[in-house]
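Chemist:
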Amino acid sequence: MLDAGYEVVCLARTAPDWTHPRLHAVCVDLLDMEATQAAAADIAGRFAVSHVIHNAGVIRPALLPDVQLGDLEALVRLHLAAPLLLLQAALPGMRARQFGRVVLLSSRAALGLETRTAYSATKAGLIGMARTWALELAPSGITVNVVAPGPIAQTKMFHDVVPAGSERETKLAASIPVRRLGTPGDVARAILFFAAVENGFVTGQTLFVCGGSSIGSITI
78 MLDAGYEVVC
88 LARTAPDWTH
98 PRLHAVCVDL
108 LDMEATQAAA
118 ADIAGRFAVS
128 HVIHNAGVIR
138 PALLPDVQLG
148 DLEALVRLHL
158 AAPLLLLQAA
168 LPGMRARQFG
178 RVVLLSSRAA
188 LGLETRTAYS
198 ATKAGLIGMA
208 RTWALELAPS
218 GITVNVVAPG
228 PIAQTKMFHD
238 VVPAGSERET
248 KLAASIPVRR
258 LGTPGDVARA
268 ILFFAAVENG
278 FVTGQTLFVC
288 GGSSIGSITI
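In the working numbering, each number is its position in the sequence shown, counted from 1, plus 77.
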């Protein structure tokens, strides 16, 4: 987004270890609803927010007998409640300007994957939420779309589950139809498509950036 010329406000638990003249880092834990709501209100008061991109996720894997209700509740807060609060704060300004772009990050796991009860349920919930928002907000010039990545290497979230350079990583890449893992750039390009000012006729859509794994089977 910075390369494309945007002013970017980044919300994360820790600040980036690099700086940019157009990057504004806000430290907040999106699992904390009060802190998230306060940060969202502060940002909406200081910036003319035109885009909301919710790129956050935690897996909390477990087979069905071991799923903890606390994990499900936490992922509901992170994957569903946090984007709701962020968009609610930005929405008055977007409506006043009759323009907005919302991109939510779901996952190929929304289609189902072993050990992903809480993760799959909430990432699937994002898709339904986005379709509802797309209908409600279309008359205001605001589009809402979803990017659903498959296995994306070079990210902490992925390598917390699949060690970099491991045999497991090699086998996983071989099981994907395009025979490789995804990269952050693959996902970023999809987000930039939905974020573009020119793409006001595309809303309520889910784009799987997954190397074909959403139409096949993989084991992570």
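From the three backbone atoms N, C-alpha and C, an ideal C-beta is built for every residue, glycine too.
Because the structure is a prediction, the values reported are computed rather than measured.
Where does residue 283 fall in DSSP's three states?
Modeler: For the purposes of this step, residue 283 is identified with residue 206 of the sequence shown, where counting begins at 1. Reduced to three states, the DSSP call for residue 283 is strand.
Chemist: Does the region 155 to 172 touch the region 112 to 127, meaning 3 or more C-beta pairs lie closer than 8 Å?
Modeler: Yes, the region 112 to 127 touches the region 155 to 172.
Chemist: Give me the residue from 190, 131, 211 and 283 with the minimum Cα distance to residue 140.
Modeler: For the purposes of this step, residue 140 is taken as the residue at position 63 of the sequence shown. Of the candidates 190, 131, 211 and 283, the one whose C-alpha sits nearest the C-alpha of residue 140 is 190.
Chemist: Could you please give the first and the last residue of the uninterrupted beta strand (DSSP E) stretch that includes residue 107?
Modeler: Here residue 107 corresponds to residue number 30 of the sequence shown, with the count starting at 1. It is not in any beta strand (DSSP E) - residue 107 carries neither H nor E in the DSSP assignment.
Chemist: Of all the options 114, 99, 98 and 97, which has the alpha carbon lying nearest to the alpha carbon of residue 105?
Modeler: Counting from 1 along the sequence shown, the entry for residue 105 is found at position 28. Residue 114 is the option with its Cα nearest to residue 105.
Chemist: Scan the region 87 to 131 and note each continuous alpha helix (DSSP H) run of 4 residues or more that stays entirely inside, going in chain order.
Modeler: You should have 110 to 123.
Chemist: Which whole runs of the alpha helix (DSSP H) in the region 144 to 199 are 4 residues long or more, in chain order?
Modeler: With a minimum length of 4 residues, the continuous alpha helix (DSSP H) runs that stay inside the region 144 to 199 are 146 to 153 and 159 to 174.
Chemist: Where do the ends of the alpha helix (DSSP H) carrying residue 247 lie?
Modeler: Along the sequence shown, one-based indexing puts residue 247 at 170. Segment 244 to 252, the alpha helix (DSSP H) holding residue 247.
Chemist: Taking the alpha carbon of residue 185 as the point to measure from, which residue in 202, 176 and 177 has its own alpha carbon closest?
Modeler: Here the question's residue 185 lines up with position 108 in the sequence shown. Out of 202, 176 and 177, 202 has the C-alpha closest to the C-alpha of residue 185.
Chemist: Where do the ends of the alpha helix (DSSP H) carrying residue 32 lie?
Modeler: Residue 32 is absent from the model: the chain starts at 78 and stops at 297.
Chemist: Below 7 Å CB to CB, which residues in the same chain sit around residue 45 once its five sequence neighbours on both sides are set aside?
Modeler: This structure cannot settle anything about residue 45, because the visible part of the chain is limited to 78 through 297.
Chemist: Does residue 91 pass the burial test, meaning 16 or more other C-beta atoms within 10 Å, or should it be called exposed?
Modeler: Numbered from its first residue, the sequence shown carries residue 91 at position 14. Under this definition residue 91 is an exposed residue.
Chemist: Taking the alpha helix (DSSP H) that residue 235 belongs to, which residues open and close that run?
Modeler: Indexing the sequence shown from 1 puts residue 235 at position 158. From DSSP, the alpha helix (DSSP H) with residue 235 extends over 233 to 238.
Chemist: Please list the terminal residues of the continuous alpha helix (DSSP H) segment that includes residue 262.
Modeler: In the sequence shown, residue 262 corresponds to position 185, counting from 1. Per DSSP, residue 262 belongs to the alpha helix (DSSP H) from 261 to 272.
Chemist: Looking only at its own chain, which residues have a Cβ that is under 8 Å from the Cβ of residue 260, when we skip the five neighbours before and after it?
Modeler: Taking the first residue of the sequence shown as position 1, residue 260 is located at position 183. For residue 260, where only same-chain residues beyond five positions count, the Cβ hits under 8 Å are 229, 230 and 231.
Chemist: Compute the Euclidean distance between the alpha carbons of residue 153 and residue 197, then round it to the nearest angstrom.
Modeler: Here residue 153 corresponds to residue number 76 of the sequence shown, with the count starting at 1. Here residue 197 corresponds to residue number 120 of the sequence shown, with the count starting at 1. Their backbone Cα atoms lie some 11 Å apart in a straight line.
Chemist: Is residue 108 closer than 8 Å to residue 79 when the C-beta atoms are compared?
Modeler: Stepping through the sequence shown from its first residue, residue 79 is reached at position 2. Stepping through the sequence shown from its first residue, residue 108 is reached at position 31. Not closer than 8 Å, so no.
Chemist: Does the distance from the C-beta atom of residue 286 to that of residue 267 stay below 8 Å?
Modeler: Looking up residue 286 in the sequence shown gives position 209. Looking up residue 267 in the sequence shown gives position 190. In this structure, residue 267 lies closer than 8 Å to residue 286 by Cβ.
Chemist: If you reduce the DSSP assignment to three classes, tell me which class residue 219 lands in.
Modeler: The sequence position of residue 219 within the sequence shown is 142, counting from 1. Three-state result, residue 219: strand.
Chemist: Going by alpha carbons, who is nearest to residue 220 out of 248, 181, 84 and 187?
Modeler: Against the sequence shown, residue 220 aligns to sequence position 143. Minimum Cα distance to residue 220 is reached at 181.
Chemist: Among 178, 130, 81 and 98, which one has its Cα closest to the Cα of residue 88?
Modeler: What you label residue 88 is simply residue 11 of the sequence shown in a count that begins at 1. Ranking the options by Cα distance to residue 88, first place goes to 130.
Chemist: Alpha carbon to alpha carbon, how far is residue 248 from residue 263?
Modeler: As a working note, residue 248 is residue 171 in the sequence shown. As a working note, residue 263 is residue 186 in the sequence shown. The alpha-carbon atoms of residue 248 and residue 263 are separated by roughly 20 Å.
Chemist: Identify the residues that DSSP records as bridge partners of residue 85: which are they?
Modeler: Position 8 of the sequence shown holds residue 85. DSSP output for residue 85 lists 100 as bridge partner(s).
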